[in-house]
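>
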Amino acid sequence: MLNISFNETHHIENGQPLYETRYKRVMSFHDNIAPVETENESFFINRDNQKLFNRTFKKAYGFYEGVSAVYDAQGWFHIDSNGMDIYAQRYQWVGNFQEALCVVRDSENNYFHINKNGSRLYNDNYSYTGDFKYGIAVVINEEGKATHIGNNGSLLHLKYFDELDLFHKGYAVAKDAKGYFHINKNGDELYKDRYQKLEPFYNGVALATNFSGQKVIIEETEVNPLAITQERVDKEKILNESFGYFKYQILFSILKLDVLKCIQDDKSIDLPEISVKLIIRWLKVEGIIDIESCLTKKGKLIESELKPLILYWQDLPFKVSSRLVESLHKGDEVFSDMYGKPFFEYLQDNTFIQNITSAVHEYYTTDYKELVNLLEFGEDTICDIGGGNGALLTAIKKYNKNTTTILLDKFNQNTEHKFYKIDFFKPFSVHSDIFLLSRILHDWNDENAIIILKNVANNMSNDSILYIFDTIIPEQILNDKGHTLSFHLLSFLGGYERTFADFERILEKSNLKIINVYAEDNLISILKVKK
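First residue of the sequence shown? That's 0 in numbering that gives the first Met the number 0, and the numbers climb one at a time after it.
1. Within 10 angstroms of the Cβ of residue 532, are there 16 or more other Cβ atoms? Answer buried if so, exposed if not.
2. Using C-beta distances below 6 Å, list every residue in its chain close to residue 270, excluding the 5 sequence neighbours before and after it, in chain order.
3. Please state if the CB of residue 9 and the CB of residue 24 are separated by a distance shorter than 7 Å.
4. Who are the near neighbours of residue 437 in its chain, counting only those whose CB is closer than 6 Å to its CB and skipping five residues on each side?
5. Among 101, 115, 106, whose alpha-carbon lies nearest the alpha-carbon of residue 83?
6. Tell me which residue opens and which closes the alpha helix (DSSP H) that residue 449 is part of.
7. Compare the C-alpha of residue 332 against each of 240, 169, 443 and name the closest.
8. Express the C-alpha separation of residue 212 and residue 119 in angstroms, rounding to a whole number.
9. Are there 16 or more other CB atoms within 10 angstroms of the CB of residue 481, so buried, or fewer, so exposed?
10. So, are the CB atoms of residue 91 and residue 106 less than 7 Å apart?
11. Please tell me whether residue 379 and residue 432 are closer than 7 Å, where the distance is taken between their beta carbons.
12. With three or more C-beta pairs closer than 8 Å as the rule, is the region 473-493 touching the region 441-458?
13. What are the boundary residues of the beta strand (DSSP E) that residue 10 is part of?
14. Just mark residue 220 as buried or exposed, buried being the case when its beta carbon has 16 or more other beta carbons within 10 Å.
15. By alpha-carbon positions, which one of 138, 72, 483, 398 ends up nearest to residue 103?
16. At 4 residues or longer, and completely inside the region 362-419: list those alpha helix (DSSP H) runs for me, N to C.
17. Are the beta-carbon atoms belonging to residue 32 and residue 42 less than 7 Å from one another?
18. Quick one: what's got a C-beta closer than 6 Å to residue 168's C-beta in the same chain, skipping five residues either side?
19. Along the chain, where does the beta strand (DSSP E) containing residue 516 start, and where does it finish?
20. Can you name, in chain order, every residue of its own chain whose Cβ lies under 7 Å from the Cβ of residue 71, other than the five neighbours on each side?
21. Alpha carbon to alpha carbon, what distance is there between residue 281 and residue 339?
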């Protein structure tokens, strides 16, 4: 049996030192790899005491789920069992991966969770976040209040407490101003009593200390369950989510009226008294403003960064979603029926919508523009078809300064790249070594997607490469990767997110074939395609 010595300077197996070296500190072996510290550095060894990876760190910790947290001069990050960085970012601190998710702290002391691709799980920032267990984690907001989130980042029960633990056997210990008590997964208290100290239920009983200092046993069978059943939890969750649309319509209205900007600029809100009263109360409940009616970190984030996204999603897409029944019934978009023309033609006539759509596209480009590091570009000509404001080409140019970049689109958005106005449903002519279609095909049904692909293929030589940036839905449905968004795409544009087999089918009909796939498990993947 392999253990750590009492003074933690080496490892012991069956009572004998595993090697002669003595370190300042050693940690446990995981996957036959252990981190060790000297006076000046940390690194990893195997059971033969051989230094691994040819890398040293300021700090290194054990492998959990095949990943280790390390720290060097640039900051904290994670490496895999081959000693390779699993993402490019650096943080002020990172935790260990649990259930494929990990807590990190950025340079502004914001806590949030990332996945093993280094992507944020959600946009919210917290004062602290805990590890996930059984798909649930505790988070603390900037007001110091604790709540639970699910492993998609959504709030579990919308209730906040002074202190909060993870769920154990369906119940969690919580604390309010009166003391400790138990709650269920709906955030409901199990009883009215409060205690000075309290433990989780263990096989139906929990040890508690009352305010007289006496130890008492709480029997789970004696607790008034308030009709707590999984069915009730599911009902409440579904009902809360079904009403959730209204919460974002409130926020949309507040942003549309520039209320947060007025608060930020310390200007009066030019609305009726009742409207101001309702808005201020709601903003405080949501943690968007504080007790003194100043913007919190959350409020500043919404106003400075997320405002265009919320204004986008809660306007036209929200309105079109009200006709989803009709869209599903006919299997096509309903935007044209509602506004007299397809979305992109409507966009061409509306400068405000153009600007806000451009801001949204630029924001979501962050989901995949880092992926350009996976691709090899030399002194190539790269042509982005339907590339909007050119954000993806700009990212490529950042890492590959010798490339020549061409942007093809219906709208000239005054980018830094050579621009040609085209309609990709009609034949066009352009010479390029590499072509890009980033988040284009999912906007269109198969018939239209094939027209686009055939027009691109007609510009490709046998040596040309087409990179398709898009979501690839796994054949085995494990999570909501593109499934919900497909309903929006269908009703708004007539498209949908595709599986790998779907892509193979439409590419084959366009005289194209897939020769490689990059980042297949990411939200956005890249298909490498040739004629």
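Glycine included, every Cβ here is placed at the ideal spot set by N, Cα and C.
Note that the structure is a prediction, hence the values are computed from the model and not measured.
Quick answer:
1. Given a span of 0 to 530 for the chain in the structure shown, any question on residue 532 remains unanswerable.
2. Hits under 6 Å: none found.
3. No. Outside cutoff.
4. Cβ neighbours of residue 437 within its own chain (closer than 6 Å, five residues either side excluded): 391, 468.
5. Comparing Cα positions, the closest option is 115.
6. From DSSP, the alpha helix (DSSP H) with residue 449 extends over 445-456.
7. By alpha-carbon distance to residue 332, the top candidate from 240, 169, 443 is 443.
8. As the crow flies, the alpha-carbon of residue 119 is around 44 Å from that of residue 212.
9. Result: buried.
10. Going by beta carbons, residue 91 and residue 106 fall inside the 7 Å limit.
11. Contact: yes.
12. With a cut-off of 8 Å on Cβ pairs, the region 441-458 is in contact with the region 473-493, counting three or more such pairs.
13. Residues 10-12.
14. Around the beta carbon of residue 220, fewer than 16 other beta carbons sit within 10 angstroms, so the residue counts as exposed.
15. Here the closest residue by C-alpha is 138.
16. Whole alpha helix (DSSP H) segments, 4+ residues: 390-398.
17. When the beta-carbon positions are compared, residue 32 and residue 42 stay at least 7 Å from each other.
18. Contacts found: 200.
19. 512-517 is the span of the beta strand (DSSP E), which, as asked, contains residue 516.
20. Contacts found: 56, 57.
21. Each residue's Cα considered, the two are about 37 Å apart.
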